[in-house]
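What follows is a single structure, written as structure tokens, with notes after it.
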Amino acid sequence: MMLTTSDVHTMVTQGIRARFGRLVDPEAVFNTWLEAHDQAVINAAHAFDSLARDCGISQAEVATSLAALGEQLAEMEANPLATLMEPPAENHPHEGRV
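Counted from 1, the sequence shown has number 175 at position 75 by this note's numbering; the numbering is strictly sequential.
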């Protein structure tokens, strides 16, 4: 299920009201959170562009690499012992391991 901004707004403002009552303005807190979230998305987009440019590869290649890394991390989190038991990959002197 995909949440809309309206759903998030309702959940956040209700949670703020329940936790803090009348001590804070839930709308102001939500708007501050939303601005910070939007800025984080903008920062991530800039970082993504910079990574592609700095590495001399396309954004699609960056996306593919990040997706593969995400899958590896998810696998490691799901089964950390199996990951530790795997034999190390061959490491060539001119290549670093990631």
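Just so you know, even glycine gets a beta-carbon here, dropped at the ideal spot from N, CA and C.
Look at I116 here: in three-state DSSP terms it is helix. W133 and L166 have their C-alpha atoms spaced approximately 26 Å apart. If the five residues before and after V124 are omitted, its C-beta is found closer than 7 Å to the C-beta atoms of I116, all from its own chain and listed in chain order. For D138, the three-state secondary structure derived from DSSP is helix. T113 sits away from E135, with the two beta carbons spaced by 8 Å or more. Residue environment for F130: buried (at least 16 other C-beta atoms within 10 angstroms of its C-beta).
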